[in-house]
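Here the structure comes first, spelled out in structure tokens, and everything after it is commentary.
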Ligand code: M6R
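Numbering (this note's numbering), first residue to last: 20 to 626.
Here you go:
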């Protein structure tokens with residue numbers, strides 16, 4: 020999964036391509052490259068690692084040309100080296116690719132048998148060779164692309180240049196997103212509208228299987244059956260402003276601190292304080308008829324879904340199945356016709372979640388989507404669109420998107436409960452009141468930032484860390500472990516507190532810190548019993564609770580983190596803050612790349 024951009028321009032493109040890549044770096048940062056055509060040649064600059072390496076290379080060796088393509092890579096096939104960096108090129112054809120060519124091996128063998136030489140270990144290079152071989156044999160570029168697209172299995176968004184045709188840019192998509200941007204005597208291709216935002220707001224989203232021929236004379240889109248089609252040109256509405264870190268050292272910290280505001284903003288769309296009701300967009304299906312909900316997501320969004328399962332079952336008494344998207348469609352899930360399938364995603368582009376969404380639709384499900392990027396593919400494919408209003412999330416570790424997802428999911432649970440006759444107006448009022456308390460409570464939690472920073476040194480030397488919680492704090496334990504792993508590279512696991520004694524307790528010794536998430540409430544005593552089982556075996560506990568909880572059980576802990584006292588409904592929203600801050604400060608102590616941790620990408624657009 021990678022980011023691609025292409026420009027058929029009327030002035031030099033390499034600076035603008037580089038700028039576009041900066042806006043696409045969330046899709047991968049293993050290597051980057053640009054290719055233009057000038058002096059009748061395809062000319063490339065490629066560099067391993069972050070975009071700054073490519074920028075330095077371009078400073079030393081500028082790349083002229085008014086047509087070009089560019090790529091930022093998240094490595095799938097082949098190490099993140101310069102040789103494997105896109106654009107891949109033959110003498111005649113250069114291209115950039117987002118996706119995976121699943122049948123690249125037989126195609127590569129076939130091409131090698133025909134005498135072609137490969138210079139990378141990527142799946143992508145076969146596409147350049149397939150098209151180039153036909154062009155070299157005299158086929159027109161458009162025909163060579165049309166013919167060879169049919170040979171590719173897997174997922175792709177492609178942007179392709181031809182040495183002998185400096186006024187031709189061809190794009191194609193299947194499974195990976197691609198948009199066409201329309202400018203003043205210029206036309207663009209990009210993985211998303213964000214990449215093109217400084218260039219144009221006039222965007223056409225290509226459909227599955229579409230391909231597009233861009234020339235100076237105009238742009239023609241073809242559908243998967245090679246028929247000319249029109250795709251609507253819409254205003255992307257995406258801001259061209261570059262998002263900066265403000266006064267914060269990292270985007271992650273900035274985004275953690277934005278949570279009181281963005282959760283309030285999100286809640287504003289879903290609860291009405293005037294009459295204390297939850298108010299969701301009206302779906303074109305009958306919510307009261309929903310007998311089962313299937314929730315599908317990945318990573319942090321999946322943990323938000325796990326919290327929602329507790330809420331949907333508790334409030335609406337509707338049974339919930341929940342799956343990680345990469346497992347969902349391959350286990351042949353049973354779904355009743357007319358059921359509700361709910362997909363949760365920050366980006367709205369995660370390939371596994373998107374594939375699961377399409378599978379659920381093919382099984383007759385109504386599709387609800389909780390998503391942060393309103394122009395994303397998932398947003399466009401939803402029957403019921405429930406946007407979070409977290410604003411752009413740049414740090415790879417998801418923070419504010421998670422708490423905003425929880426806010427939306429709580430409102431959805433209440434809405435479903437009301438539709439099912441399980442929530443009377445008085446109870447609904449209570450739900451709205453508690454949700455409305457969340458932004459201030461998050462602020463209260465942020466006040467403990469310095470205390471958390473001061474205790475991060477207790478965790479930083481650990482090789483392994485465990486997180487424990489019960490009820491809705493169990494998904495939070497999983498989320499805490501994920502945050503710590505992904506940005507500090509410390510091995511961490513989250514467990515349901517009661518499950519410890521069934522195996523994981525064997526891991527406990529004085530070198531394994533155990534973070535216990537236990538707001539005072541109905542499950543507090545049980546969690547504390549599990550905590551004491553850990554302490555009895557020499558385990559070093561960090562207890563995250565409220566004042567009452569710390570008073571009751573804080574003695575004997577290695578450290579405690581005091582949270583404001585909150586209603587159990589909003590506890591997962593509020594307790595997300597210390598969990599995020601702890602991971603952040605540990606990562607800073609360890610000196611990792613907090614916003615762009617190794618091996619990861621913000622948006623995972625390959626299966
Ligand atoms: O964009 P999505 O919410 O669909 O992304 C899902 C996961 O890739 C994402 O939550 C990932 O786990 C984050 N890096 C977690 O911080």
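Ideal Cβ positions, reconstructed from N, Cα and C, are used throughout, including at glycine.
- In summary, residue 138 is exposed, with fewer than 16 beta-carbon neighbours lying within 10 Å of its beta-carbon over all protein chains present.
- Taking 8 Å as the cut-off, one finds at least one heavy atom of ligand 1 near enough to the beta carbon of residue 368.
- With at least 16 other beta carbons inside 10 angstroms of its own, residue 514 counts as buried.
- Looking at the DSSP output, residue 559 sits in a beta bridge with 532.
- As the crow flies, the alpha-carbon of residue 478 is around 26 Å from that of residue 325.
- With a cut-off of 8 Å, the C-beta of residue 502 is classified as near ligand 1, since at least one heavy atom of the ligand falls inside that distance.
- Here DSSP, grouped into helix, strand and coil, assigns residue 230 to strand.
- Distance from residue 334 to residue 433 at the Cβ level is roughly 6 Å; contact confirmed, criterion being Cβ atoms closer than 8 Å.
- Ranked by how close their Cα comes to the Cα of residue 348, the residues 268, 316, 337 and 332 have 316 in first place.
- Here residue 475 is near residue 601, since their CB atoms are less than 9 Å apart.
- Inter-segment contact for the segment 395-415 and the segment 58-78 is absent: fewer than three beta-carbon pairs are separated by less than 8 Å.
- Apart from sequence neighbours up to five positions away, the residues of its chain that approach residue 167 with a beta-carbon distance below 8 Å are 146, 149, 150 and 153, ordered along the chain.
- In this structure residue 225 is not in contact with residue 178, their Cβ atoms being roughly 12 Å apart against a cut-off of 8 Å.
- In this chain, the beta strand (DSSP E) harbouring residue 67 covers 60-67.
- Looking at the backbone, the Cα of residue 200 and that of residue 228 are separated by about 18 Å.
- Residue 172 places its beta carbon 9 Å or farther from that of residue 143.
- Scanning its chain for C-beta atoms nearer than 6 Å, with the 5 sequence neighbours on each side dropped, one finds around residue 613 the residues 269, 271, 506 and 606, in chain order.
- Within the same chain, Cβ atoms closer than 6 Å to the Cβ of residue 278 are found at 419, 422 and 461, the five residues on either side in sequence being excluded.
- Within the same chain, Cβ atoms closer than 6 Å to the Cβ of residue 527 are found at 553, 556 and 558, the five residues on either side in sequence being excluded.
- Annotation for residue 102: 138 and 139 place their beta carbon closer than 7 Å to its own, counting only its chain and skipping 5 residues before and after.
- Only exposed fits residue 610, as fewer than 16 other CB atoms lie within 10 angstroms of its CB.
- Around the beta-carbon of residue 342, 16 or more other beta-carbon atoms lie within 10 Å, marking it buried.
- Taking the Cα of residue 470 as reference, the smallest distance to any Cα among 597, 415 and 517 is reached at 597.
- Minimum Cα-Cα distance from residue 404 among the listed residues 441, 371, 412 and 364 corresponds to 364.
- Each of 98, 566 and 572 was checked against the Cα of residue 545, and the nearest Cα belongs to 572.
- Between residue 373 and residue 622, the alpha-carbon positions lie close to 12 Å from each other.
- For residue 591, the uninterrupted alpha helix (DSSP H) run begins and ends at 590-609, by DSSP.
- The beta-carbon distance between residue 191 and residue 119, rounded to whole angstroms, is 15 Å. This is too long to meet the 8 Å contact definition.
- In this structure, 232 is the residue among 51, 252 and 232 with its C-alpha nearest to the C-alpha of residue 245.
- Taking all protein chains shown into account, residue 353 has fewer than 16 neighbouring C-beta atoms within 10 Å of its C-beta and is therefore exposed.
- The bridge partners DSSP lists for residue 486 are 513 and 534.
- With a cutoff of 9 Å on beta-carbon distance, residue 427 and residue 289 are scored as near each other.
- Residue 51 is a Cβ neighbour of residue 90, given a cutoff of 9 Å.
- According to the DSSP assignment, residue 221 belongs to the beta strand (DSSP E) that extends over 221-224.
- Within the same chain, Cβ atoms closer than 7 Å to the Cβ of residue 195 are found at 117, 118, 174, 175, 176 and 624, the five residues on either side in sequence being excluded.
- Linking residue 295 to residue 530 through their CA atoms gives a straight-line distance of about 49 Å.
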